[in-house]
Amino acid sequence: MKTGLVLEGGAKRGIYTAGVLDIFMEQGITFDGVIGVSAGAIHGCSFVAGQIGRSIRYNLEYGNDYRFMSFRSWLLSGNIVDVKFCYHDLPEKLDPFDNETFESSSTKFYVVCSNVETGRPEYIHCHNMTSEIDFLRASASLPLVSKIVNVGGKKLLDGGICDSIPVQAFINMGYDKNVVVLTRPKGYRKRPSHLQWLTKLVYRKYPNFVNAVLHRHEMYNQELDEIERLEKEGRIFVLRPSKKINISKMESNLDIVKDMYDLGRKDAENSLALVKSFLAQK
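Here is the structure:
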């Protein structure tokens with residue numbers, strides 16, 4: 115029976131996941147596979163590389179640098195995060211990513227992207243975060259504020275559009291026992307986007323992608339319903355924020371970012387015995 119870790123995205127909200135993963139690393143909790151969407155993928159690769167504290171460290175150090183995430187970056191480059199800064203300078207020089215440990219890990223790592231042409235999710239098995247960094251970038255490239263990423267012969271954007279919480283996808287890959295980390299409190303349900311008109315305009319050449327965006331809230335809420343069903347049946351273990359913290363996708367208040375991270379640590383600590391028991395079950 116293979117164990118899996120499923121990580122939802124959520125931009126700055128995803129720092130909650132980083133808190134959970136740091137506790138897992140400190141406790142020596144490992145998985146056969148990890149699948150991440152957007153921010154979940156970004157924090158998930160540091161988990162596979164065994165780099166405790168890396169995510170919160172660089173978020174606090176560079177979180178207010180306009181190149182990290184801002185409308186200024188979008189106006190200057192067409193991307194809300196500066197590609198060179200976030201996907202090269204930061205992991206290669208400023209806070210180096212341990213690609214050697216990542217490559218040698220027995221844990222398989224998957225990134226979820228949305229195929230702009232087909233309107234379907236792509237589940238990319240990444241082996242090397244240096245040569246395959248653009249798949250990670252694509253997974254976290256939010257529509258309307260990011261350029262389409264051309265990589266692997268495909269046009270890709272934010273994985274959350276086509277599969278926000280890929281539990282069923284991981285089960286289909288053979289990961290029978292999954293821990294799922296969500297970034298919204300219990301009871302949350304997504305509403306339709308207020309920018310549907312703009313999506314139709316900007317991506318008019320990609321009707322399948324437009325359709326996926328327009329129906330994303332339905333897909334997301336169906337996934338939440340399925341997660342709650344699987345949770346009740348004891349087939350998955352779910353960690354989600356135990357309380358609501360008002361944190362925006364582009365949160366600039368680093369105290370709020372730290373609070374969200376600390377909540378992830380606290381919730382993981384409070385659930386440690388249950389998580390270990392769940393993973394130990396045959």
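Residue numbers 115 to 396, in my numbering, belong to the letters of the sequence shown in order. Quick reminder that beta carbons are idealized off the backbone N, C-alpha and C, glycines included. Quantities reported herein were computed from a predicted structural model and do not represent experimental measurements.
Best match in the options for proximity to residue i [C-alpha to C-alpha]
i: residue 204; options: 179, 312, 150, 292; result: 179
i: residue 270; options: 382, 391, 190, 237; result: 237
i: residue 308; options: 328, 136, 268, 188; result: 328
i: residue 291; options: 395, 219, 381, 129; result: 395
i: residue 148; options: 230, 239, 298, 381; result: 239
i: residue 372; options: 177, 123, 164; result: 177
i: residue 378; options: 296, 181, 133; result: 133
i: residue 72; options: 332, 351, 265; result: In the structure as shown, the chain begins at 115 and stops at 396. Residue 72 is therefore absent and cannot be evaluated.
i: residue 304; options: 338, 323, 283, 315; result: 338
i: residue 115; options: 322, 374, 285, 251; result: 285
i: residue 231; options: 128, 161, 276; result: 276
i: residue 189; options: 267, 261, 297, 209; result: 261
i: residue 141; options: 161, 127, 128, 316; result: 161
i: residue 152; options: 296, 272, 326; result: 272
Coil, strand or helix - residue i by DSSP
i: residue 309; result: coil
i: residue 370; result: helix
i: residue 352; result: strand
i: residue 218; result: helix
i: residue 184; result: coil
i: residue 249; result: helix
i: residue 223; result: strand
Strand pairing of residue i, partner residues [DSSP]
i: residue 365; result: Its beta-bridge partners do not exist; DSSP assigns none.
i: residue 117; result: 291
i: residue 228; result: 235, 271
Within-9 Å CB hit, residue i to chain D
i: residue 171; result: Although the question refers to chain D, the structure presented lacks it and comprises just one protein chain.
Inter-residue CB distance, residue i and residue j (contact presumed, cutoff 8 Å)
i: residue 351; j: residue 293; result: 5 Å
i: residue 235; j: residue 313; result: Rounded, the Cβ-Cβ distance is 18 Å, inconsistent with contact.
i: residue 364; j: residue 184; result: 7 Å
i: residue 380; j: residue 299; result: So it is not a contact: roughly 14 Å between Cβ atoms.
Restricting to runs no shorter than 3 residues, where is the beta strand (DSSP E) found entirely within the stretch 252-279? 263-265, 268-272
Runs of beta strand (DSSP E) wholly within the stretch 128-178 (minimum 3 residues, chain order): 147-151
Which ranges does the beta strand (DSSP E) cover as unbroken runs of at least 3 residues, wholly within the stretch 284-335, from first to last along the chain? 289-295
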